[in-house]
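Visitor: Quick one: this structure, given as structure tokens, is what I'll be asking you about.
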Amino acid sequence: MDFQAIHDRLRAVAAPGLVSADLPRKPDPKVKKDKGRAGDPFVLVEAQRLVEFLEVCRDDDRLKFEQLIDLSATDPAKDDAQLWINVQLLSLKFRHRLAIKCLLPKAAPSMPSTVPVYRASQWHERECAEMFGITFVGHPDPRNILLPDDWVGSPMRKDYEFPKEYHGISCE
Amino acid sequence: MTRETQSTPAASTRVQRLGAGEVSVDIRTPDLEINFGPQHPATHGVMRILMRADGELVTGAQPHLGYLHRCAEKIGENVEWLQYLPYTDRYDYLASMNNNLGYSLAVEALLGVEIPRRATLIRIICAELNRIGSHLVAFGTYGLDIGAFTPFLYTFREREWMMALFEKICGARLTYSYIRIGGLFNDAPPGWFEEVSRFCDVFEQKWQEYVDLLLVNQIYVKRTANIGIISREMALDFGLTGTMVRGSGIDWDLRRDMPYMCYDEIWRSGAFKIPVARGEMGALGDCWDRSWVRVMEMIESIKIVRWCLDNMVEGPVIADIPKTLKVPLGEAYVGIENPRGELGHYVVSDGGKVSIRTRVRGPSFCNLAVLEDILPGSLVGDAIAIIGSTDIVVGETDR
Amino acid sequence: MNFFLEGIYQTVGEHLPMWLMMLIAAVTGIAVVLGMVSLIAMFSVWLERKVSGHIQCRYGPMYVGWHGWLQSIADGVKLLLKEDMIPRDADRALFMLAPGLVLAAILGAFAAYPLSPGIWFGDIDLGVFMIIAFSSMTTIGVVMAGWASNSKWTIYGSMREAAQVVAYEIPLGISLLVPVMVAGTFNLREASALQADWFGMKWFLFTNPFMLPAFVLFFIAALAETKRAPFDLPEAESELVAGFMTEYSGIRWSFFFMEEYAAMFLMSALGAVFFLGGFESPLTHFAGEFFGRDLVVVGAGGAKELNFAAIPYHLVAAVTLIAKCFFGVFLMMWLRWTLPRVRIDQVMTMGYKYLTPLSLLCVLGAALWEAGKHALFAS
Chain X
1 MDFQAIHDRL
11 RAVAAPGLVS
21 ADLPRKPDPK
31 VKKDKGRAGD
41 PFVLVEAQRL
51 VEFLEVCRDD
61 DRLKFEQLID
71 LSATDPAKDD
81 AQLWINVQLL
91 SLKFRHRLAI
101 KCLLPKAAPS
111 MPSTVPVYRA
121 SQWHERECAE
131 MFGITFVGHP
141 DPRNILLPDD
151 WVGSPMRKDY
161 EFPKEYHGIS
171 CE
Chain L
1001 MTRETQSTPA
1011 ASTRVQRLGA
1021 GEVSVDIRTP
1031 DLEINFGPQH
1041 PATHGVMRIL
1051 MRADGELVTG
1061 AQPHLGYLHR
1071 CAEKIGENVE
1081 WLQYLPYTDR
1091 YDYLASMNNN
1101 LGYSLAVEAL
1111 LGVEIPRRAT
1121 LIRIICAELN
1131 RIGSHLVAFG
1141 TYGLDIGAFT
1151 PFLYTFRERE
1161 WMMALFEKIC
1171 GARLTYSYIR
1181 IGGLFNDAPP
1191 GWFEEVSRFC
1201 DVFEQKWQEY
1211 VDLLLVNQIY
1221 VKRTANIGII
1231 SREMALDFGL
1241 TGTMVRGSGI
1251 DWDLRRDMPY
1261 MCYDEIWRSG
1271 AFKIPVARGE
1281 MGALGDCWDR
1291 SWVRVMEMIE
1301 SIKIVRWCLD
1311 NMVEGPVIAD
1321 IPKTLKVPLG
1331 EAYVGIENPR
1341 GELGHYVVSD
1351 GGKVSIRTRV
1361 RGPSFCNLAV
1371 LEDILPGSLV
1381 GDAIAIIGST
1391 DIVVGETDR
Chain D
2001 MNFFLEGIYQ
2011 TVGEHLPMWL
2021 MMLIAAVTGI
2031 AVVLGMVSLI
2041 AMFSVWLERK
2051 VSGHIQCRYG
2061 PMYVGWHGWL
2071 QSIADGVKLL
2081 LKEDMIPRDA
2091 DRALFMLAPG
2101 LVLAAILGAF
2111 AAYPLSPGIW
2121 FGDIDLGVFM
2131 IIAFSSMTTI
2141 GVVMAGWASN
2151 SKWTIYGSMR
2161 EAAQVVAYEI
2171 PLGISLLVPV
2181 MVAGTFNLRE
2191 ASALQADWFG
2201 MKWFLFTNPF
2211 MLPAFVLFFI
2221 AALAETKRAP
2231 FDLPEAESEL
2241 VAGFMTEYSG
2251 IRWSFFFMEE
2261 YAAMFLMSAL
2271 GAVFFLGGFE
2281 SPLTHFAGEF
2291 FGRDLVVVGA
2301 GGAKELNFAA
2311 IPYHLVAAVT
2321 LIAKCFFGVF
2331 LMMWLRWTLP
2341 RVRIDQVMTM
2351 GYKYLTPLSL
2361 LCVLGAALWE
2371 AGKHALFAS
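Quick look at the structure:
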């Protein structure tokens, strides 16, 4: 299925948390300074209902997204108030992909863990948690994965300030 | 503290002196905790697995990553699009061409440029040759893990030639940065295609050597069959990709099922097949199946290279893109079939010279997560075989 | 060494006190054994590197001497000059003792090795028994080393060694019983002499149909006994870093190495003497015919005299045995660089469930064959 068909199906089954679809478009010559949008289409989903949404995606017999390929986050800009959660789903049976985006407030980023739906997200969530400071409620093993256990701060945030030293080792 | 030690006066005074709250370490005698790595011959880099073992039996395993973390994703947000390319070489350093390709395709998806056909074909040749090289290392070092030293050097003999080929085409032997955004760094030198063709002929003969010497060796089969079994459900649930899912009997290959470049054309011409494990030597999804898939894939890659050589066209090798690249606003995710699985690049651009997010979905990282589940219950010797069969590159798990 | 001492005794013996003779005997014996073991180890290390190199499409050492034949000496000097490191938490006494014990055990086993039909360190009636007993003593040293190093990998290595050697002593001993039974002696020199017929080709291997399976079983068990691949689990470098010798370095580490090669040589010697004719070959046979065999002859006046004319025969015999031994060593190397390693449970299964019953069957079969032969042809 292409993206439009997937989106229609998601609408048809009333997938919980589905907000809207975002498609790439050519720059509109009538609108001044419109750059358009390149790349892939994605669906926007409420972060707090992502787990239920993923469950529908996985179990619906016309979507059958058996695999969660990727779960990551993005900090779009320093002055942006929101973080993005980006999820890539893949259906081996129907050979289609779905990109999902959720918005989380930067001030207190917290959302339910998706591990009960896809175990693949276990390590991805750990990485997101340490890199972006997102709390995944109900994660079975919420330790740091790439960073040391005593690392302070969320390095992938745009406003992250690099430490001057680490355990007496100068970083400058 | 066990009851016996508490009853002895010396121990009880020690507990009193320390205070009850300070005795936090539970001294366990039945299980042995082994720090497998970060420096260990079989971790293929600097990975650490905290193993709990009861004699020779592994009862628990916990991978600890991050010893090779080099902030690749953060660097991606701080350098220009083209400047990031050399960094892609360095996460999966055994398949740098494929990494270059994945990143280039992702950025090209945003740019929407048309890649010249000659560039596409040379890209496929390079990617497939590098796949062969990567599988050679995977298979050779797997033999080393099992205890067979010689096949390792045999595989390196062919890999050496493959690297010499790459050296001729781009000057580098390991970190190529040859596949650029928009095409290739330069055209192949004269006589290069003929040498690739010779390599294919020789490789097919040598390939039989590995099969005879190691793959069907009885000791090898006994060591790898029926251990580290990953079921279909598990493979899907853990998001395994590439050789790992095919080793579990799932017929899935991005080159055929979600084709990029001109792989669909090659597939339709019937040039190559997708080897899918059938559980010949034991249960489906065991270590032998995974290594079998890798060995068989090498020969399929040779066929793809041959197809590209036969259908080579003349023409430019790079599209017309500016030196200082400005990528239009938007986001794209491109996953390609790396030797280890799906290498995904998720790039976000705000229309400027620098990306605002370069997410790398490394296949090794995802494939490694399954270890926690399949290691317990195996023997220490098997644990090494299982870790080897996942074929991880630590540069990629840690990025 | 008896030849050498006999010479001294004949010339100056009457003027020396007994204790001095004993001392000279002991010192020469030890010196020769030590020199021999070192030479064997050095040569084997070089051979292993060359064999592995050529199997793996490389050259191996090439720079020190012709085709690198002095490489082992260079390495030996390097190992001697290396810093002697003992881990802080190791049991110092045991840690230092273990390599010595390992080496001492194998040196002791060499006492039963006959240099030639007439030259020996000790003409021991229970030679086989002694070699097996001493070479299994090395296990104690290995376990000691593993324990004293205070590292988890070394413990694994030494426990595997203990389990494995105990399991494979049994088929090793039993499969050796087959030729011992046919020969009727435990003495290596005598067993070799019994194979001198058929122009030096009446090897035990050819005299009884159960000898070949017994030899194969013996060879497999010897591989496990000397911890050679595919049974190199105690030091399995990809699993246990370096097994029981993980914490060792320098000359102490090289003791383990020397022991390994000496043990390989000795096991091959056992195989050569009891299956492959020992000193005997057509060449030895004709050398014996030509030069005479006895080193010590009784002269006209009833006094013992040394017969130097027979020395070429003894040289030929000695070289024959050494060549056979190194053939065995070469086979072991060949296997090591070809086969993957088996798993510990497979090692134990193979030892207890297959090799032991099969070797017992071989003993039974060989005994029945010999009895039948005796009943049919004796009268």
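If you read the sequences in order, they're chains X, L and D. Position 16, counted from 1, in the first sequence is what our numbering calls 16; the numbers after and before it change by one each time, with no gaps. Position 328, counted from 1, in the second sequence is what our numbering calls 1328; the numbers after and before it change by one each time, with no gaps. Position 164, counted from 1, in the third sequence is what our numbering calls 2164; the numbers after and before it change by one each time, with no gaps. We put the CB at the ideal spot given by N, CA and C, even for glycine. It should be emphasised that the depicted structure is a prediction, and the values quoted were computed from it without experimental measurement.
1) Could you tell me if ASP1092 (chain L) is buried or exposed, where buried requires 16 or more neighbouring beta carbons within 10 angstroms of its beta carbon?
2) Find the residues of chain L that neighbour LYS35 (chain X), judging by a C-beta separation of less than 8 Å, and give them in chain order.
3) Have a look at L:PRO1038, L:GLY1282, L:GLY1242 and flag the residue whose alpha-carbon is nearest the alpha-carbon of TYR1067 (chain L).
4) Applying a beta-carbon distance threshold of less than 7 Å, which residues of chain L neighbour GLN2346 (chain D)?
5) Cβ of TRP1252 (chain L) less than 8 Å from any chain X Cβ?
6) Please work out which residues of its chain come closer than 7 Å, Cβ to Cβ, to MET156 (chain X), disregarding the five sequence neighbours upstream and downstream, and give them in chain order.
7) Per DSSP, what are the beta-bridge partners of TRP2120 (chain D) in this structure?
8) Please list the terminal residues of the continuous alpha helix (DSSP H) segment that includes MET2130 (chain D).
9) Check whether the Cβ of ASP1382 (chain L) lies closer than 8 Å to any Cβ atom in chain D.
10) So which of L:ALA1225, L:PRO1041, L:GLY1247, L:TRP1267 has the shortest CA-CA distance to GLU1233 (chain L)?
11) Against LYS1074 (chain L), what residues of chain X qualify as contacts under a CB-to-CB distance less than 9 Å, listed in chain order?
12) Determine the DSSP secondary structure at PHE42 (chain X), reduced to helix, strand or coil.
13) Confirm, please, whether the CB-CB distance from VAL1107 (chain L) to VAL1327 (chain L) is below 8 Å.
14) If contacts are defined as beta-carbon pairs under 8 Å, then GLY1060 (chain L) and PRO1376 (chain L) qualify, I think. What distance do you get, rounded to the angstrom?
15) Check each candidate in D:ILE2311, D:PRO2213, D:VAL2143, D:PRO2282 and name the one with the smallest Cα separation from LEU2101 (chain D).
16) Identify whether TRP84 (chain X) lies in helix, strand or coil by the three-state DSSP scheme.
17) Does GLN82 (chain X) get closer than 8 Å to chain L when you measure Cβ to Cβ?
18) To the nearest angstrom, report how far apart LEU63 (chain X) and LYS93 (chain X) are at their CA atoms.
19) How would you call GLY17 (chain X), buried or exposed, if buried means at least 16 neighbouring beta carbons within 10 angstroms?
20) In its own chain, which residues sit with a C-beta less than 6 Å from the C-beta of LEU147 (chain X), not counting the 5 before and 5 after it?
21) Under 6 Å Cβ to Cβ from CYS1366 (chain L), same chain only, skipping five residues before and after it: list those, please.
22) Considering LEU18 (chain X), what are the terminal residues of the alpha helix (DSSP H) in which it resides?
23) Let me see if you follow: with CB-CB separation under 8 Å, is ARG1048 (chain L) close to chain D or not?
24) Thinking just about the alpha-carbon of each residue, which of X:GLN122, X:GLU125, X:HIS124, X:ALA73 is nearest to the one in CYS102 (chain X)?
25) DSSP three-state label for ILE1392 (chain L), please.
26) Can you list the residues of chain L that ARG95 (chain X) reaches, using a CB-CB cut of under 7 Å?
27) Taking Cβ to Cβ, would you say ILE1250 (chain L) is nearer than 8 Å to ALA1188 (chain L)?
28) For GLU2161 (chain D) and LYS2227 (chain D), I'd like the C-alpha separation in whole angstroms.
29) Using the DSSP secondary-structure output, state which residues sit across from MET111 (chain X) in a beta bridge.
30) Using a Cβ-Cβ cutoff of less than 7 Å, which residues in the same chain neighbour GLY1021 (chain L) once the five nearest sequence positions on both sides are dropped?
31) Within the 8 Å Cβ cut-off, does ALA1044 (chain L) reach chain X?
32) Got a sec: is the Cβ-Cβ distance from SER72 (chain X) to anything in chain L below 8 Å?
33) Count the CB pairs spanning the segment 1348 to 1365 of chain L and the segment 1150 to 1169 of chain L that are closer than 8 Å, and state whether there are at least three.
34) Taking the beta carbon of LEU2339 (chain D) as the centre, do at least 16 other beta carbons fall within 10 Å, making it buried, or is it exposed?
35) Check whether chain D comes within 8 Å of GLY1402 (chain L), counting only Cβ atoms and requiring the distance to be less than that.
36) For chain X, is any of its Cβ atoms less than 8 Å away from the one on VAL1348 (chain L)?
Guide: Based on what the coordinates show:
1) Taking the first residue of the second sequence as position 1, residue 1092 (chain L) is located at position 92. For ASP1092 (chain L), the number of other beta carbons within 10 angstroms of its own is at least 16, and it is reported as buried.
2) For the purposes of this step, residue 35 (chain X) is taken as the residue at position 35 of the first sequence. Chain L residues near LYS35 (chain X): PRO1328, LEU1329, GLY1351.
3) Residue mapping note: residue 1067 (chain L) aligns to position 67 of the second sequence, counting from 1. Minimum Cα distance to TYR1067 (chain L) is reached at L:PRO1038.
4) Here residue 2346 (chain D) refers to the residue found at position 346 of the third sequence. Per Cβ cutoff of 7 Å: LYS1222.
5) The sequence position of residue 1252 (chain L) within the second sequence is 252, counting from 1. Answer yes: the Cβ-Cβ gap between TRP1252 (chain L) and chain X drops below 8 Å somewhere.
6) Translated into positions along the first sequence, residue 156 (chain X) becomes position 156. Cβ neighbours of MET156 (chain X) beyond the five flanking positions: ASP75, MET131, PHE132.
7) As a first step, residue 2120 (chain D) must be located in the third sequence, where it is residue number 120. Bridge partners of TRP2120 (chain D): D:PRO2114.
8) One-based indexing of the third sequence puts residue 2130 (chain D) at position 130. It spans 2127 to 2148 - the alpha helix (DSSP H) in which MET2130 (chain D) sits, taken as one unbroken run.
9) If you number the second sequence from 1, residue 1382 (chain L) lands on position 382. Chain D contact via Cβ: present.
10) In the second sequence, the residue the question calls residue 1233 (chain L) occupies position 233. Comparing Cα positions, the closest option is L:GLY1247.
11) The residue labelled residue 1074 (chain L) in the question sits at position 74 within the second sequence. Within 9 Å Cβ-Cβ: MET131, PRO155, MET156, TYR160.
12) As a working note, residue 42 (chain X) is residue 42 in the first sequence. Strand, per DSSP.
13) Residue numbering aside, residue 1327 (chain L) sits at position 327 when the second sequence is read from its first letter. Residue numbering aside, residue 1107 (chain L) sits at position 107 when the second sequence is read from its first letter. Yes, these two residues count as a Cβ contact at 8 Å.
14) Position 60 of the second sequence, counted from the first residue, corresponds to residue 1060 (chain L). Position 376 of the second sequence, counted from the first residue, corresponds to residue 1376 (chain L). That pair is a contact at about 5 Å.
15) Counting from one through the third sequence, the residue named residue 2101 (chain D) turns up at place 101. Of the listed residues, the one whose Cα sits closest to LEU2101 (chain D) is D:VAL2143.
16) Residue 84 (chain X) sits at position 84 when you count from the first residue of the first sequence. In the structure shown, TRP84 (chain X) sits in a strand (DSSP, three-state: E or B).
17) On the first sequence, residue 82 (chain X) is found 82 positions in, with the first residue counted as 1. With 8 Å as the cut-off, GLN82 (chain X) does not count as an interface residue toward chain L.
18) Counting from 1 along the first sequence, the entry for residue 63 (chain X) is found at position 63. Counting from 1 along the first sequence, the entry for residue 93 (chain X) is found at position 93. Straight-line Cα distance between these residues: approximately 9 Å.
19) The residue given as residue 17 (chain X) occupies position 17 in the first sequence. Buried, because 16 or more other Cβ atoms sit within 10 Å of the Cβ of GLY17 (chain X).
20) Position 147 of the first sequence, counting from 1, holds the residue named residue 147 (chain X). Hits under 6 Å: GLU130.
21) The sequence position of residue 1366 (chain L) within the second sequence is 366, counting from 1. Cβ neighbours of CYS1366 (chain L) within its own chain (closer than 6 Å, five residues either side excluded): GLY1239.
22) To locate residue 18 (chain X), count along the first sequence from 1; it is residue 18. For LEU18 (chain X), there is no enclosing alpha helix (DSSP H); the enclosing beta strand (DSSP E) has its first and last residue at 18 to 22.
23) For the purposes of this step, residue 1048 (chain L) is taken as the residue at position 48 of the second sequence. False, the Cβ-Cβ gap to chain D never drops below 8 Å.
24) Your numbering for residue 102 (chain X) matches position 102 in the first sequence. That would be X:ALA73, whose Cα lies nearest to the Cα of CYS102 (chain X).
25) Within the second sequence, numbered from 1, the residue matching residue 1392 (chain L) stands at position 392. In the structure shown, ILE1392 (chain L) sits in coil (DSSP, three-state: anything other than H, G, I, E or B).
26) For the purposes of this step, residue 95 (chain X) is taken as the residue at position 95 of the first sequence. Neighbours of ARG95 (chain X) on chain L, chain order: ASP1257, MET1258.
27) Here residue 1250 (chain L) refers to the residue found at position 250 when the second sequence is read from its first residue. Here residue 1188 (chain L) refers to the residue found at position 188 when the second sequence is read from its first residue. If you check the CB distance, ILE1250 (chain L) and ALA1188 (chain L) do not come in under 8 Å.
28) Along the third sequence, read from residue 1 onward, the residue named residue 2161 (chain D) stands at position 161. Along the third sequence, read from residue 1 onward, the residue named residue 2227 (chain D) stands at position 227. Between GLU2161 (chain D) and LYS2227 (chain D), the C-alpha separation is close to 8 Å.
29) Position 111 of the first sequence, counted from the start, is the residue given in the question as residue 111 (chain X). Per DSSP, the beta-bridge partners of MET111 (chain X) are X:PHE136.
30) Within the second sequence, residue 1021 (chain L) is the residue found at index 21, counting from 1. With a pLDDT of only 46 at GLY1021 (chain L), under the threshold of 50, the placement of this residue in the model should not be trusted, and no figure is reported.
31) One-based indexing of the second sequence puts residue 1044 (chain L) at position 44. According to the sequence displayed, residue 1044 (chain L) carries His and not Ala. It does not: the Cβ of HIS1044 (chain L) has no partner Cβ on chain X nearer than 8 Å.
32) By 1-based counting over the first sequence, the position of residue 72 (chain X) is 72. SER72 (chain X) counts as touching chain L.
33) no
34) The count along the third sequence starts at 1 and reaches residue 2339 (chain D) at position 339. LEU2339 (chain D) is buried by the Cβ-count criterion.
35) Examination of residue 1402 (chain L) is not possible in this model, given that chain L is present from 1001 through 1399 alone.
36) In the second sequence, the residue the question calls residue 1348 (chain L) occupies position 348. At least one chain X Cβ lies under 8 Å of VAL1348 (chain L).
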